[in-house]
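In UniProt numbering, the protein residues as written are 1 to 301.
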């Protein structure tokens, strides 16, 4: 059949629904994003399955998983619709009129780095865009992106699976924090003393291997982790009045640099700096609202 005749028989609105379904992988979120009812989205999905002669989205373990054909369609469809919006849209994406909920995954460190500036911009420029913040381990955040349960993840991700894209937000360096009275009049610790002291580790899981411990391992050393906790925000407060040492991103310690009861110093060994990044699934790359969000996050950071 001639391609013109094929297109003549397609309701192009169905392709818009399919594009959002493949991005969201969730009927109710698709309905909310398109201002449709859930039954209308379910009906559109049924018509799409007939049109493509393929299930497109298969329910597994309470989630909608795209078929192989749907994955082939996704990137081509998203790019085609993006180009059509650029040609037909009178003013392009309008953040003032956009109604959307974005789901962001980050630690409380990421929240402190990004959310204040991001939310100020959202309230001024995009008052109808809502944000839901989730906290998880690095591995869990990447899984949320792959499963379509999250729009954007912020953090440190040395290894990324295929189909995920990334943009650098900042280069971070490590710093140490200790109680001033436990420093014996010194303004920093040498390596031997550093290793003899108990340490606080910020990690979502026990026994997590961090950039700090990797650097020590290369040197043939190991530190004693006395406290492991999942939150950056509380960690510096645990140092006061103890012999504990905290080694984390320098920016996370900025609120405590003027605290006279604590002392901030460089680690007594080389720890490579790390990139703080934002990560998203390639299926969202061409989404104008998502592109605007990524720009807003970069500016906030």
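Cβ coordinates follow ideal geometry from the N, Cα and C atoms, glycine included.
Taking the CB atoms as reference points, tell me whether residue i and residue j lie closer together than 8 Å.
i, j, result
"residue 253", "residue 184", "no"
"residue 145", "residue 153", "yes"
"residue 239", "residue 190", "no"
"residue 233", "residue 108", "yes"
"residue 272", "residue 171", "no"
"residue 115", "residue 16", "no"
"residue 264", "residue 256", "yes"
"residue 150", "residue 223", "no"
Where DSSP assigns a beta bridge to residue i, which residues make up the other side?
i, result
"residue 176", "247, 265"
"residue 63", "60"
"residue 199", "225, 245"
"residue 278", "154, 167"
"residue 132", "103"
Alpha carbon to alpha carbon, what distance is there between residue j and residue i?
i, j, result
"residue 246", "residue 290", "36 Å"
"residue 49", "residue 67", "11 Å"
"residue 51", "residue 281", "26 Å"
"residue 303", "residue 37", "Because the chain here runs from 1 to 301, residue 303 falls outside it and cannot be looked at."
"residue 277", "residue 168", "4 Å"
"residue 121", "residue 27", "29 Å"
"residue 299", "residue 105", "18 Å"
"residue 78", "residue 286", "6 Å"
"residue 45", "residue 70", "12 Å"
"residue 148", "residue 195", "42 Å"
"residue 307", "residue 288", "The shown model of the chain, from 1 to 301, leaves out residue 307, and the question about it has no answer."
"residue 188", "residue 268", "8 Å"
"residue 202", "residue 19", "39 Å"
"residue 266", "residue 96", "45 Å"
"residue 228", "residue 110", "19 Å"
"residue 112", "residue 197", "28 Å"
"residue 99", "residue 22", "19 Å"
"residue 32", "residue 213", "45 Å"
"residue 39", "residue 54", "20 Å"
"residue 219", "residue 204", "25 Å"
"residue 248", "residue 296", "26 Å"
"residue 14", "residue 166", "30 Å"
"residue 211", "residue 30", "39 Å"
"residue 258", "residue 65", "51 Å"
"residue 293", "residue 101", "11 Å"
"residue 275", "residue 261", "30 Å"
"residue 192", "residue 182", "15 Å"
In three-state terms, what does DSSP make of residue i?
i, result
"residue 294", "helix"
"residue 105", "strand"
"residue 99", "coil"
"residue 239", "coil"
"residue 37", "coil"
"residue 234", "coil"
"residue 212", "helix"
"residue 271", "coil"
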